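For reference, the structure discussed in these notes is given below.
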Amino acid sequence: MTTKVDLLSLLPTELEEFFLSTGEPKFRAKQVFQRLHRGERVSEITNLSKALRERLVSETLDTLPVVEEKLVSKIDGTVKYLFRLHDGACIESVFMKYKHGNTLCISSQVGCRMGCKFCASTIGGRVRDLQPSELLGQVIAAEKDSGERISNIVMMGIGEPLDNYDNVIKFLRLVNHPDGLNIGYRHISLSTCGVVDGINKLATVDIPITLSISLHAANDERRSEIMPINNKWNIASLLQACVSYYKTTGRRISFEYTLISGKNDSEADATELAALLNSYFRPIGAPIHVNLIRVNEVKETGFKKGSNESVNAFAKALEKRGITATVRRKLGSDVNAACGQLRRSNLNKKEEY
Ligand code: SAH
257 MTTKVDLLSL
267 LPTELEEFFL
277 STGEPKFRAK
287 QVFQRLHRGE
297 RVSEITNLSK
307 ALRERLVSET
317 LDTLPVVEEK
327 LVSKIDGTVK
337 YLFRLHDGAC
347 IESVFMKYKH
357 GNTLCISSQV
367 GCRMGCKFCA
377 STIGGRVRDL
387 QPSELLGQVI
397 AAEKDSGERI
407 SNIVMMGIGE
417 PLDNYDNVIK
427 FLRLVNHPDG
437 LNIGYRHISL
447 STCGVVDGIN
457 KLATVDIPIT
467 LSISLHAAND
477 ERRSEIMPIN
487 NKWNIASLLQ
497 ACVSYYKTTG
507 RRISFEYTLI
517 SGKNDSEADA
527 TELAALLNSY
537 FRPIGAPIHV
547 NLIRVNEVKE
557 TGFKKGSNES
567 VNAFAKALEK
577 RGITATVRRK
587 LGSDVNAACG
597 QLRRSNLNKK
607 EEY
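Each residue of the sequence shown is one higher than the last, beginning at 257 in this note's numbering.
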């Protein structure tokens, strides 16, 4: 049996090869690329002959995610999607409206194997990586469902994007392509728990996206307690990779810091964090930005969020030491089960995946 081709994962040059190998002219590639990226399925591309459409339907995979469940916030219109993939696995994406445009937060893997202690997405481990078509498909399917253009993407959903490096890079090239969605690299952020070899590789490809680092602690002892990745790449090696990334790309790096009550949210923690970041980034003149997030309480983890006052005091302590800090505005609080929780509750219902 020949394996079916995943057309939506192919770049235009690869699509050309595919059509040439099936005896079709090269120009079919552009036609099909444009239509697929607009959300049409192969069977709906009516400017292809019926015979060719039927052949493509039988020889290719339909990998466009399907809306399984959708929660719409009554407060601000945020939409949380549970998408079902062609093999039955489910992932989450979140559509948010900001003044600077519509943003989609996408997943990069089915589950996650990074094991961060506060995170719901990692509880059942990693099931599989997402293919480029499934990364892109979240954007296409959300545009199709909402009828709105998405102008920004954040890779902060389920999974560790740099643990799925090759597929993520291909996705970035696909989503940026002028014949497709044409979303600028500067409108895309990728968040990592600190996969240093991935950060180093990312610095060498010409894809100037914004890198966001999930730091969450200012010393190794504390970080290793909540983020096992720190045992492989400690804070020094992570921040050194960030310095190199900045030197090579000139792109500002932002840091995510999830505040957990009594664990990492004291004023002394803020002072330590400021000293750490200043020691690496002041000497090279790099701007430093910290995004503070109050931990989303996940029933399995037992971590608690602190008071608004403690968050504000933490932000003030950073600002006093020259570090800009923003407290993440919470969109869709009425639909915002912490990332990964919608998929988990769906799993518990179905006990598959
Ligand atoms: N694996 C990537 C991207 C996915 S998580 C990463 O670790 O960066 C996106 C962000 O949400 C990360 O900063 C992550 O640490 C944070 N996060 C995960 N669970 C959380 C929770 N329960 N409360 C608050 N932030 C959480």
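Glycine included, C-beta positions come from ideal geometry on N, C-alpha and C.
All figures in this text were calculated on a predicted structure; none of them were measured in a lab.
Does at least one heavy atom of the ligand SAH sit under 8 Å from the Cβ of R507? Look at R507: its beta carbon is at least 8 Å from all of the heavy atoms in the ligand SAH.
Output the boundary residues of the beta strand (DSSP E) element that contains H293. Membership of H293 in any beta strand (DSSP E) is not indicated; the residue belongs instead to the alpha helix (DSSP H) covering 284 to 293.
Beta-carbon contacts of V261 that lie in its chain and below 8 Å, excluding the five residues immediately before and after: Excluding residues within five positions, the ones whose Cβ falls inside 8 Å are F274, E315, T316, L317.
How long is the line joining the alpha carbons of S349 and E404, rounded to whole angstroms? Per the coordinates, the alpha-carbon of S349 lies some 15 Å from the alpha-carbon of E404.
Leaving out five residues on either side along the sequence, give the residues of the same chain with a beta carbon under 7 Å from the beta carbon of L291. Note on identity: in this sequence residue 291 is Arg, with Leu being the wrong assignment. Taken in chain order, the residues that qualify are I301.
Run through the DSSP bridge pairs and tell me what E348 is partnered with. Residue pairing of E348 in beta bridges, as defined by DSSP: L338.
Excluding the five sequence neighbours on either side, which residues of its own chain have a C-beta within less than 6 Å of the C-beta of E613, listed in chain order? This structure cannot speak to residue 613, because the chain is shown only from 257 to 609.
Going by DSSP, name the residue or residues bridged to A581. Paired residue(s): V546.
Where does E310 fall in DSSP's three states? Collapsing the DSSP output to three states places E310 in a helix.
Check whether the Cβ of M411 sits closer than 8 Å to any heavy atom of the ligand SAH, and report yes or no. At a cut-off of 8 Å, the beta-carbon of M411 counts as near the ligand SAH: some heavy atom of the ligand is closer than that.
For my contact list, D435 and F289 are in at a C-beta cut-off of 8 Å; report their separation, rounded to the angstrom. About 5 Å separates the beta carbon of D435 from that of F289, a gap short enough to meet the 8 Å contact definition.
Give a single yes or no on whether P484 has its beta carbon closer than 8 Å to a heavy atom of the ligand SAH. Distances taken from the Cβ of P484 to the heavy atoms of the ligand SAH include none shorter than 8 Å.
Below 8 Å on the Cβ atoms is my contact criterion, and I expect G357 with S407 to pass it. Report the Cβ-Cβ distance as a whole number of Å. Contact flag correct, Cβ pair sits at about 4 Å.
In chain order, each beta strand (DSSP E) run of at least 3 residues that lies wholly inside the region 379 to 464: For the region 379 to 464, whole beta strand (DSSP E) runs of length 3 or above, ordered along the chain, are 382 to 385, 408 to 411, 444 to 448.
Give me, in chain order, the residues of the same chain whose beta-carbon lies closer than 7 Å to that of V383; leave out the 5 immediate sequence neighbours on both sides. Taken in chain order, the residues that qualify are A345, V366, G367, Y609.
How about I362 and I409: do their beta carbons lie closer than 9 Å? Their beta carbons are under 9 Å apart, which means I362 touches I409 by this criterion.
Going by the DSSP bridge assignment, what does I469 pair with across the sheet? According to DSSP, I469 bridges with T448, F511.
Local Cβ density within 10 Å of N552, reported as buried at 16 or more and exposed below that: N552 comes out buried.
Looking only at C-alpha atoms, which of K353, V313, L304, S265 sits nearest to G588? Out of K353, V313, L304, S265, K353 has the C-alpha closest to the C-alpha of G588.
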